[in-house]
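This report refers to the structure that appears directly beneath it.
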Amino acid sequence: MNNSLSSPPQENNLNRERVMRFVSSSGLLIAVILLFTYLSVDAPNFLSSRNLLNIMRAVSFSGIIACGMTLIIISADIDVSVGSAAAWSSSLLGVLAIDLEFPLIVAVIVVLLQGALIHGIAGYIRTRWEIPAFVVTLAMFISLRGAARLITNAYPITPFPDSFNFWGGGYVLEGIPFLERGIPVPVVFMLVTFVIFYFVTQRTVFGRAVYAVGGNEEAARLSGISIMRTRLIIFGITGFLAAFAGVLISSRVMSGSSNIAEGLEFEVIAAVIIGGTSLAGGKGSIWGTFLGVIFIGLLSNGMVLKGISPFVQEVVRGLIILLAVFISTWQRSLQKG
Amino acid sequence: MTPILRLENIYKRYPGVLALDNLTFELNAGEVRALLGKNGAGKSTLIKLLSGAIQPDEGTIHIDGSPVALTTTQDAFKKGIYTVYQEMSLVPDLSVAENIMLGRWPLTRWKMVDYAALRRIAEEALQQLNITLDVKMPVSRLDVAQQQIVEIAKALSFNPRLLILDEPTSALAASEVDLLLQIVRDLAKSGRAIIYVSHRLAEIPRIADTVTILRDGQLVDTITIAEATPQRITDMMIGHEWTRMTHANVKMQDNAEVRLRVSNLSQEGHFQNVTFDAHEGEVIGIAGLLGSGRTELLRAIFGLEPVDTGTIEIHGATVEKPSPRMMKSLGMAMTPEDRKKQALLLIASVQDNLTLASLDRLNSYGIISPKALTDAAQEMIVDTQIKTPSLDVEINTLSGGNQQKVVVGNWLSIRPKILLMDEPSRGIDIQAKEQIFLLIRDLAKEGLTVLFVSSEIEEVLDVADRILVMNQGNITHDLSAGEIGLDKLMALVMGGTYGGIHNE
């Protein structure tokens, strides 16, 4: 008797749960589709494969870093230093490969490892002394940019060998009719990174630990999850990705430069937040971040094609972040009933 | 003489509970009344009623003979009733003076804080207590006893006629208690009425004039302090309705394997020289009051907090650097005191919460198979009888009892050898409580060693084979559950005299 009394509300709950989950997981997808449809109809030259691939390439650098940033934000931290880290990495690559004449492959490996190391140290400082990640990474945001200018005198370091341009500026799958010049290499890197990180967050012990640490650090600690190890890996990975993006951008602009990736951190954070990852930690997804990256790409491209003033574009981009968080907060208040 | 306070036929109902049942209660000026009762007897409800936090369903409150309605805490202040709660309400970075007058700082003509006046008022409030403190010092630099005094000074700045103190000594060391008791006596001499809630039986005769005992929302009796022997008090608190659950307490065989050996474990300010063995298949209950060091002891054993001296051995091997991760790998599990703050990922699903501790087991080379996860969660749903519409619902949609079962299931999923549980029955319904304890007894039969802490003395007697009584950081008694009754255990836990073994 008891069971039959209690089952209808439970079923209702379940349906409601399903509807809410569909809306919250698919709201952004619907927004992306709507925006895409609108631009296809209304924006000149939007629906060409060249334009679409350009959009993808434009977001590829921030997309790669956004995978790490998603882990950072799920773990209830923030990292405002990734743009500076990319610029520092690019500068270091120039100094190592061109000024000091290291073999290029060695220079790249050194740059990638130092990226992981510096961010790993930041993660250590944050965890060991419980200094807010915002403060630690703000310090890096300022000083890594400064260090980059210091070792390059703020001039681009050139020249890299021509073959190096392939990684940031080249194409694969050339000659397929619809793709024209083929798929930009950084786009391939971005897609591969997203697939890897989707797997990492969904299917690995580390990925689940990231959610646990962000959702309730004390509970995670009590469950025998090492907070230090988890945070070190999260920061290390993000630093690695920032350095990797720095290398790709160097390849694209064919110089080691301290002036690249300015404001990149905020573009990355915006994509993650629009993708529904909660700044409070414990909740978020790589799929959401992917949609967030695409959404920002479409929006920027669409505004350019429509001839909207760059200043208005900035205003719109800012308001979109606010709107995205507003919607997800509103959804959460609905879920609570 | 008209009593300061008179409660008449008060009823307060909560869903499923009659929290106050026809309560009638009087208190005179200059009287210190000790209010005693087990957890859930109605003490908190009564205090909330008097401080205006809740309203009675029926009955009236009279102050100085005239009926009053206390609908907000401000009403209570205006009528001269002030409550000092167990949890302190001080702002650590503000000064003593600023805290005493928090929200009521005197202002100068220019609407700036008048610090001279503020200091004067604070000093006057402290003078009433015969205490000298630097009122400019931030509260964070005071010790717990001094902070408690600031709380009372803050209360006095409202010039209350009835002061309610809710377990004011639970966080204090014995030497600090004396000072507090003296202050309370002095306040009574100045004509104030005082309601004093405490579980420490030893301090009651030193402070109270009269004792009121509550049980199940009813007022059992009010007696003078001369009549209030520990024996009588505990009898009245317990009543006679209690019968023990029918499980045979297992007497450990002498040759049973020692799973956990704690030797001379000390942690400054929390517990001293704690030594005991826990055997395979043994269920040990730690009975102690809030502030007795029971929670700190469990946390230290699980490696959550460092200890100053002493060793922890598992299966005969000393654990060099205890950490939760290390302890888990040695087969130890722990369900913490506050499930929402310390155990659950509230925004995550039932499955995520059921598999958090066992992820280490449910993977190969760091990669999880979703099916293994679902299977493990499903297994625990069955084993711990969790009622949930599905594995995917958020944990915070479940009832407290089911949430607690998830916490237990999360740990049982690692197949532990030793299970530590801190207040496993806090805030859960009776059915869930029984299911959890029966499960523990079953698992103990299969060899699990259980060490649990509970504020509910009956529960300790019901479930444990062996009882460690903890009092102010010391294990004062190590008893077999069969050899002690509820009344005596309660007296021991409250630090009363029983067999002349322990006092104060």
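If you're matching them up, the sequences are chains A and B in order. Sequential numbering of the first sequence, starting at 1, is according to my numbering. Sequential numbering of the second sequence, starting at 338, is according to my numbering. Glycine included, every Cβ here is placed at the ideal spot set by N, Cα and C.
task: Put B:Tyr-351 into one of helix, strand or coil per three-state DSSP.
output: As a working mapping, residue 351 of chain B is identified with position 14 in the second sequence. Note: B:Tyr-351 maps to strand in three-state DSSP.
* If you compare alpha carbons, which of A:Ile-125, A:Thr-204, A:Ile-78, A:Asp-99 is closest to B:Leu-693? -> Within the second sequence, numbered from 1, the residue matching residue 693 of chain B stands at position 356. When each option's Cα is compared against that of B:Leu-693, the closest is A:Thr-204.
N-terminal and C-terminal residue of the alpha helix (DSSP H) that B:Asn-376 is part of:
Indexing the second sequence from 1 puts residue 376 of chain B at position 39. From DSSP, B:Asn-376 is part of no alpha helix (DSSP H); its letter is neither H nor E.
Next on the checklist: Taking beta-carbon pairs under 7 Å, can you tell me which members of the region 654-676 of chain B lie near chain A?
Outcome noted: Pro-661, Arg-662, Lys-665, Met-671, Pro-673
Within 10 angstroms of the Cβ of B:Met-338, are there 16 or more other Cβ atoms? Answer buried if so, exposed if not. The residue you call residue 338 of chain B lines up with position 1 of the second sequence. Flag for B:Met-338 reads exposed.
*asked:* Using a Cβ-Cβ cutoff of 7 Å, what residues of the region 221-238 of chain A are near chain B? List them in chain order.
replied: Arg-221, Leu-222, Ser-223, Gly-224, Ser-226
Rounded to the nearest angstrom, how far is the Cβ of B:Val-487 from that of B:Ile-418, given a contact under 8 Å? Indexing the second sequence from 1 puts residue 487 of chain B at position 150. Indexing the second sequence from 1 puts residue 418 of chain B at position 81. In fact, because the Cβ distance is near 20 Å, the residues do not count as touching under 8 Å.
Under 9 Å by beta carbon: chain B residues contacting A:Gly-215: By 1-based counting over the first sequence, the position of residue 215 of chain A is 215. Neighbours of A:Gly-215 on chain B, chain order: Leu-681, Leu-682, Leu-683, Ile-684, Ala-685, Asp-689.
**Asked** Is the CB of B:Ala-694 under 9 Å away from at least one CB in chain A?
**Response** For the purposes of this step, residue 694 of chain B is taken as the residue at position 357 of the second sequence. It does; some Cβ of chain A falls within 9 Å.
| Below 9 Å between beta carbons: does that hold for B:Thr-502 and B:Ile-531? | Position 165 of the second sequence holds residue 502 of chain B. Position 194 of the second sequence holds residue 531 of chain B. Here the sequence assigns Leu to residue 502 of chain B, which means Thr is not the residue at that position. Taking 9 Å as the Cβ cut-off, B:Leu-502 and B:Ile-531 qualify as a contacting pair.
> Along chain A, in chain order, which residues have C-beta atoms closer than 8 Å to that of B:Asp-697?
Replying inline: Counted from its first residue, the second sequence places residue 697 of chain B at position 360. Here the neighbours are Val-205, Gly-224.
Quick check on A:Tyr-124 - is its C-beta less than 9 Å from some C-beta in chain B?
In the first sequence, residue 124 of chain A corresponds to position 124, counting from 1. So, not an interface residue.
Between the alpha carbons of B:Thr-420 and B:Val-369, how many angstroms are there, rounded? The count along the second sequence starts at 1 and reaches residue 420 of chain B at position 83. The count along the second sequence starts at 1 and reaches residue 369 of chain B at position 32. Rounded to the nearest angstrom, the two C-alpha atoms are 14 Å apart.
Who does B:Asp-697 pair with in a DSSP beta bridge? As a first step, residue 697 of chain B must be located in the second sequence, where it is residue number 360. According to DSSP, which records beta bridges pairwise, B:Asp-697 is partnered with nothing at all.
Is A:Ser-51 helix, strand or coil by DSSP? Along the first sequence, read from residue 1 onward, the residue named residue 51 of chain A stands at position 51. Just to set this straight, residue 51 of chain A is Asn in the shown sequence, not Ser. Helix.
Checklist line | Partner residues on chain A for B:Asn-700, Cβ-Cβ distance less than 7 Å | finding: For the purposes of this step, residue 700 of chain B is taken as residue 363 along the second sequence, with counting starting at 1. Going along chain A in sequence order, the residues near B:Asn-700 (Cβ under 7 Å) are Val-205.
- Query: Can you name the start and end residues of the beta strand (DSSP E) that B:Asp-766 belongs to?
  - Reply: Walking along the second sequence from the start, residue 766 of chain B turns up at place 429. Taken as a continuous stretch (DSSP letters only), B:Asp-766 belongs to no beta strand (DSSP E), as it is neither H nor E.
Discussion item. Assuming A:Gly-346 and A:Ile-157 are in contact, meaning their beta carbons sit under 8 Å apart, how far apart are those beta carbons, in whole angstroms?
Written reply: Outside the shown range of chain A, which is 1 to 337, sits residue 346 of chain A, and nothing can be said about it.
Judging by CA-CA distance, which residue of A:Ile-308, A:Thr-289, A:Phe-240 is the nearest neighbour of A:Leu-85?
Translated into the one-based positions of the first sequence, residue 85 of chain A becomes position 85. For clarity, residue 85 of chain A is Ala in the given sequence; the question names Leu instead. Considering only alpha carbons, the answer is A:Phe-240.
Original post:
Do B:Phe-613 and B:Arg-598 have their C-beta atoms within less than 9 Å of each other?
Top reply: As a working mapping, residue 613 of chain B is identified with position 276 in the second sequence. As a working mapping, residue 598 of chain B is identified with position 261 in the second sequence. Cβ atoms of B:Phe-613 and B:Arg-598: closer than 9 Å.
- What did DSSP end up calling B:Glu-395 once you bin it into helix, strand or coil? The residue labelled residue 395 of chain B in the question sits at position 58 within the second sequence. Of the three classes helix, strand and coil, the one that applies to B:Glu-395 here is strand, per DSSP.
| query | Roughly how many angstroms separate the alpha carbons of B:Ile-755 and A:Trp-287, rounded to a whole number? | reply | Within the second sequence, numbered from 1, the residue matching residue 755 of chain B stands at position 418. Within the first sequence, numbered from 1, the residue matching residue 287 of chain A stands at position 287. Computed Cα separation, rounded: 40 Å.
In angstroms, rounded to a whole number, what distance separates the CA positions of B:Ala-818 and B:Gly-396? As a working note, residue 818 of chain B is residue 481 in the second sequence. As a working note, residue 396 of chain B is residue 59 in the second sequence. Rounded to the nearest angstrom, the two C-alpha atoms are 42 Å apart.
If you drop the 5 nearest sequence neighbours on each side, which residues of the same chain put their C-beta closer than 6 Å to that of B:Ala-525?
For the purposes of this step, residue 525 of chain B is identified with residue 188 of the second sequence, where counting begins at 1. Contacts found: Gly-367, Val-369, Ile-531.
Considering Cα atoms alone, identify which of A:Phe-244, A:Leu-92, A:Leu-232, A:Val-80 is closest to A:Leu-150. Taking the first sequence and counting its residues from 1, one reaches residue 150 of chain A at position 150. Cα-wise, what sits closest to A:Leu-150 is A:Leu-92.
At least 3 beta-carbon pairs within less than 8 Å: the region 743-751 of chain B vs the region 664-679 of chain B: yes
My output table needs one value for B:Phe-789: the three-state DSSP class, helix, strand or coil. Counted from its first residue, the second sequence places residue 789 of chain B at position 452. In this structure, B:Phe-789 counts as strand in the three-state DSSP scheme.
Just to confirm before moving on: does the CB-CB distance between A:Val-213 and A:Ala-66 stay below 9 Å? For the purposes of this step, residue 213 of chain A is taken as the residue at position 213 of the first sequence. For the purposes of this step, residue 66 of chain A is taken as the residue at position 66 of the first sequence. No, the Cβ-Cβ distance between A:Val-213 and A:Ala-66 is not below 9 Å.
Among B:Lys-448, B:Leu-634, B:Leu-470, which has the Cα closest to the Cα of B:Arg-456? By one-based count along the second sequence, residue 456 of chain B stands at place 119. It is B:Leu-470 whose Cα lies nearest to the Cα of B:Arg-456.
Discussion item. Between the region 678-692 of chain B and the region 719-730 of chain B, can you find at least three pairs of beta-carbon atoms closer than 8 Å?
Written reply: yes
Q) CA-CA distance, B:Lys-473 and B:Ala-490? A) For this step, residue 473 of chain B is matched to residue 136 along the second sequence. For this step, residue 490 of chain B is matched to residue 153 along the second sequence. Using only the alpha carbons, I get a separation of about 14 Å.
Checklist entry - Among residues of its own chain, excluding the 5 on either side of A:Gly-297, which ones have a beta-carbon nearer than 8 Å to its beta-carbon? => result Position 297 of the first sequence, counted from the start, is the residue given in the question as residue 297 of chain A. Cβ neighbours of A:Gly-297 beyond the five flanking positions: Ile-55, Met-56, Ala-58, Val-59.
- Task: Please state if the CB of B:Glu-461 and the CB of B:Gln-485 are separated by a distance shorter than 9 Å.
- Result: Numbered from its first residue, the second sequence carries residue 485 of chain B at position 148. Numbered from its first residue, the second sequence carries residue 461 of chain B at position 124. Not in contact: B:Gln-485 and B:Glu-461 (Cβ atoms no closer than 9 Å).
Next on the checklist: Short of 9 Å Cβ to Cβ, which residues in the region 186-211 of chain A face chain B?
Outcome noted: Phe-199, Gln-202, Arg-203, Thr-204, Val-205, Phe-206, Gly-207, Arg-208, Ala-209, Tyr-211
Original post:
Thinking C-alpha only, which one of B:Asp-720, B:Gly-528, B:Ile-812 is nearest B:Ile-621?
Top reply: Counting from one through the second sequence, the residue named residue 621 of chain B turns up at place 284. Considering only alpha carbons, the answer is B:Ile-812.
Subject >> 4-residue-minimum alpha helix (DSSP H) runs that sit fully inside the region 187-236 of chain A, ordered along the chain >> reply: 205-215, 217-222
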